[in-house]
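Numbering (full-length UniProt numbering) for the sequence shown: 1 to 198. Beta carbons are placed, not taken as given, at the ideal position from N, Cα and C, and that holds for glycine. Read the structure below first, then the notes.
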Amino acid sequence: MQEKFLVIDWNKFMELTIALAHQIQLSGYMPDVVVAILRGGYFVAKLVCDILDLETIATLEIKFYKGIMEKAERPIVIHPITIDLRDKKTLIVDDVADSGRTLQVAMDLVRLHGAKEVRTATLFFKPWSITMPDYYVEQTDKWIVFPWELGETLRNLSKELGNLEEASKVLNLHTKYGDEVVRRLIKLIEKVGNRGKA
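Printed below as a string of structure tokens:
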């Protein structure tokens, strides 16, 4: 089951995001506004903005996944864009282009808001995505686990495997983060529980 997952730690995230920012810089495209797709896209967008010295960042929340390897039928816009995009060069940033439908919805919304030019950037691109990002760093067919979603992934995977420790082994977290960090993470997740989530 390990081969299904690609676990990204903070160092790898930094390396990938620098590579993405470098691609954008080399292309000569300097957006007026960066639109981050929440949640994972925000981490990427914030760092890209910092590296490229871009000031204006907006957010857009689109829900697509229900759980691990479980997708909703269509993306749902939860948090719309609240910034004026008229006549602005806009870069949409997300962590991964999986189905591509989330990026497609984001591009449609940004165009509806009057953006002059729209480009997209992601760290990862899946081969079956219906939308090819203008910029991406790596292609993979694995389920990507980013460092900001370890708790969520462990909880969901433990439902299938029976406990958090087994889930951490499948994700190879002990090698990535060390036994002590994983032990503390599991202990905290157990204390917090699912906070009433089904």
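Reduced DSSP category for residue i - H, G, I as helix; E, B as strand; rest coil
{"i": "Ile189", "result": "helix"}
{"i": "Trp148", "result": "helix"}
{"i": "Asp94", "result": "strand"}
{"i": "Glu55", "result": "coil"}
{"i": "Ile78", "result": "strand"}
{"i": "Ile130", "result": "coil"}
{"i": "Ile18", "result": "helix"}
{"i": "Arg39", "result": "coil"}
{"i": "Leu6", "result": "strand"}
{"i": "Thr153", "result": "helix"}
{"i": "Tyr177", "result": "helix"}
{"i": "Arg183", "result": "helix"}
{"i": "Leu103", "result": "helix"}
{"i": "Arg119", "result": "strand"}
{"i": "Asn11", "result": "helix"}
{"i": "Ile24", "result": "helix"}
Close Cβ partners of residue i (< 7 Å) along its chain, the five nearest in sequence each way excluded
{"i": "Glu15", "result": "none"}
{"i": "Lys88", "result": "Asp32, Val33, Ala115 and Lys116"}
Whole-Å CB distance - residue i paired with residue j, under 8 Å assumed
{"i": "Thr90", "j": "Asp32", "result": "7 Å"}
{"i": "Phe5", "j": "Leu171", "result": "6 Å"}
{"i": "Asp95", "j": "Gly151", "result": "Incorrect: roughly 16 Å between the Cβ atoms, too far for contact."}
{"i": "Leu85", "j": "Ile92", "result": "Contact doesn't hold; Cβ gap of about 11 Å is too wide."}
Contacting residues, own chain, Cβ-Cβ under 6 Å from residue i (five flanking each side not counted)
{"i": "Lys63", "result": "Ile76 and Ile78"}
{"i": "Leu173", "result": "Val182"}
{"i": "Glu61", "result": "Leu38, Ile78 and His79"}
Residues of its chain near residue i, where Cβ-Cβ distance is below 8 Å and the 5 sequence neighbours each way are ignored
{"i": "Tyr135", "result": "Leu20, Gln23, Ile24, Ser27, Arg119, Thr120, Ala121 and Thr122"}
{"i": "Leu52", "result": "Ala21, Ile24, Gln25 and Met30"}
{"i": "residue 229", "result": "Given a span of 1 to 198 for the chain in the structure shown, any question on residue 229 remains unanswerable."}
Cβ contact check for the stretch 112-129 and the stretch 89-104: 3 or more pairs under 8 Å: Of all C-beta pairs linking the stretch 112-129 to the stretch 89-104, three or more are shorter than 8 Å, placing the two stretches in contact.
Cβ pair count under 8 Å reaching 3, the stretch 19-28 against the stretch 44-56: Yes, the stretch 19-28 touches the stretch 44-56.
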